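For reference, the structure is listed below as structure tokens.
Residue numbers (this note's numbering): 477 to 587.
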């Protein structure tokens, strides 16, 4: 169950606004269990807050394959797509900017 540990720690790190570390823990969780939907969602959340909206779209799309009714994933997928459209171009992990501020209650940190 190490994949759950890394995914839960990613959620905690997002709550602490330590998004780069959360991204790494999400990726570690997925390396252990590639079909773990919550890890995909937490990867999406960390990438969203890092300003990697293209990566967030990819992660949330994957998350919804495994948990199609997850309201937070649907919401953040929509937000990430809107940011991409607003920016008019795709941001990558190498082109990050200051993360947007989103109320903590809007984060999905439950297990």
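Glycine included, every Cβ here is placed at the ideal spot set by N, Cα and C. Small disclaimer: the values here were computed from a predicted structure and weren't measured.
Hey, how far is the Cα of residue 512 from the Cα of residue 562?
-> 30 Å
Straight-line gap, residue 547 to residue 557 (C-alpha atoms, nearest Å) = 15 Å
Could you pull out every residue in the same chain whose Cβ sits closer than 7 Å to the Cβ of residue 495, ignoring the five residues on either side in sequence?
-> 522, 525, 526 and 575
Measure the Cβ-Cβ separation of residue 502 and residue 486 and say whether it is below 8 Å.
-> yes
Give the straight-line distance between the Cα atoms of residue 532 and residue 564, rounded to the nearest whole angstrom.
-> 16 Å
Under 7 Å Cβ to Cβ from residue 489, same chain only, skipping five residues before and after it: list those, please.
-> 497, 498 and 501
Cβ pair residue 536, residue 549 closer than 8 Å | yes
Which same chain residues, not among the five before or five after residue 579, have their C-beta less than 6 Å away from its C-beta?
-> The predicted model places residue 579 with a pLDDT of 47, which falls under 50 and marks its position as unreliable; any figure quoted below should be read in that light. Contacts found: none.
Can you give me the start and stop residues for the alpha helix (DSSP H) that residue 536 sits inside?
-> 529-542
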